[in-house]
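In this text, residue positions in the sequence shown follow my numbering: the first is 37, and each later residue adds one.
Just so you know, even glycine gets a beta-carbon here, dropped at the ideal spot from N, CA and C.
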Amino acid sequence: MDSLETRERLALLGGLVERFGVDVVSSCSIDDETRARFHGSIRSIASRLDHAILLGIRLSAEVLDTIEGAPNWTYYHHYRTVNFALDQAALFAARECRRLGGRALPIPASQVMDWERLLGHLSHRELGERAGVGWRGRNNLLVHPVHGSQVRYATVLTDLALPSPGIELAAGADCGDCRACVDVCPAGAIAMDPLAFDLDRCTAQVRRFSRSEKLNVLICGICVRACRGGASAAREGIA
Ligand code: SF4
Ligand code: SF4
């Protein structure tokens with residue numbers, strides 16, 4: 037274990053991944069309850085990794101503005117490009133964790149492991165909440181106070197000691213009275229209560245888009261375009 041303080045270590049890692057266009061960096065501890073929700077294929081290795089590093093890249097507002105009622109090839113390409121950059125950043129951060137004497141497992145930005153419910157290895161949103169990056173929005177995505185849901189994330193699991201949470205979110209930060217995503221969702225999947233989000237309606241809609249728009253990926257982007265952060269988002273020191 038190196039002698040750096042945990043916040044200095046997170047700042048070091050954040051500085052190193054800037055070259056990949058990473059806009060948001062934070063960290064959190066993970067416990068058994070959180071691990072139990074990870075995909076079975078990583079649960080064993082994750083039992084020895086007690087921290088997560090969240091890496092986020094903001095999507096292009098101009099690309100999102102091309103989404104009018106349905107996802108398109110411009111968004112598809114951008115989505116894949118950002119995921120690729122995040123995976124590169126996670127790979128690099130994991131290598132740096134190992135150089136610092138730790139173990140590290142990079143988790144893909146977007147790899148479907150459960151095709152029924154369209155779930156990945158773990159929930160970047162859940163870890164983002166723990167890391168103070170944002171809150172669970174009505175659209176079931178992580179809402180960053182400044183960037184809204186217009187950020188994609190990858191995670192690195194590690195046994196290096198890191199700050200938890202890496203970012204201090206203002207108490208009570210949430211969607212407030214905003215209902216921008218509620219009003220635009222074509223599936224009616226979004227309710228005012230974030231816990232009432234209808235995942236089945238959402239997954240059915242993205243499957244319909246995949247067929248109607250002839251996209252060989254399950255994307256939508258409509259509620260992402262709508263979400264620019266909540267009115268109650270005041271927070272100090274956001275990256
Ligand atoms: S991704 Fe599309 S279908 Fe799913 S909640 Fe958002 S707007 Fe609705
Ligand atoms: S668009 Fe508004 S209501 Fe929907 S998740 Fe974003 S901040 Fe919350």
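- Unbroken beta strand (DSSP E) run spanning L205, endpoints: It is not in any beta strand (DSSP E) - L205 carries neither H nor E in the DSSP assignment.
- Could you say if the stretch 82-101 and the stretch 234-253 meet the contact criterion of at least three C-beta pairs nearer than 8 Å? no
- Message: Could you check whether the Cβ of A216 sits closer than 6 Å to any heavy atom belonging to ligand 2?
- Response: yes
- Message: With a threshold of 6 Å (Cβ to nearest heavy atom), would I103 be considered close to ligand 1?
- Response: no
- Message: Let me check understanding here. Comparing Cα to Cα, which of L141, W151, E54 and R244 lies closest to D86?
- Response: L141
- Message: Considering only their Cβ atoms, is the gap separating G202 from S62 smaller than 7 Å?
- Response: yes
- Message: If you reduce the DSSP assignment to three classes, tell me which class D67 lands in.
- Response: coil
- Query: Roughly how many whole angstroms lie between the Cα atoms of D236 and R244?
  - Reply: 12 Å
- Task: Would you check whether ligand 1 has a heavy atom nearer than 6 Å to the C-beta of N175?
- Result: yes
- Message: For F120, count the other beta carbons within 10 Å of its own beta carbon; 16 or more makes it buried, fewer makes it exposed. Which is it?
- Response: exposed
- Report the residue from R139, H160, L127 and A225 whose alpha carbon sits nearest the alpha carbon of V148. H160
- Message: Contact defined as beta carbons within less than 8 Å: I believe G50 pairs with P181. What is the distance between those atoms, to the nearest angstrom?
- Response: With a Cβ gap of about 18 Å, G50 and P181 do not count as contacting.
- Please report the residue range of the beta strand (DSSP E) in which G92 lies. H87 to R94
- Assigned exposure category for S77 - 16 Cβ within 10 Å defines buried: exposed
- Message: Do C256 and P144 have their beta-carbon atoms positioned less than 7 Å apart in this structure?
- Response: no
- Message: I'd like to confirm something about A232: is its beta-carbon nearer than 6 Å to some heavy atom of ligand 1, or not?
- Response: no
- Can we count Q241 as close to ligand 1, meaning its CB is less than 6 Å from some heavy atom? yes
- Would you mind stating whether D195 and G138 have Cβ atoms separated by less than 7 Å? yes
- Message: Runs of 3 residues minimum, wholly inside the stretch 143-198: which ones carry the beta strand (DSSP E) assignment?
- Response: 187-194
- Query: So L95 and V58 are in contact, right, with Cβ under 8 Å, and what is the actual spacing, rounded?
  - Reply: Not confirmed; about 13 Å, so no contact.
- Message: Short of 6 Å in beta carbon distance, which residues of its chain neighbour T239, apart from the five on each side in sequence? Order them along the chain.
- Response: L154
- ligand 2 heavy atom lying under 6 Å from the CB of V169: no
- Item | L158 vs F74 beta-carbon contact at 7 Å | yes
- Does DSSP put A140 in a helix, a strand or coil? strand
- Starting from V61, follow its DSSP beta bridges and name the residues at the other end. L91
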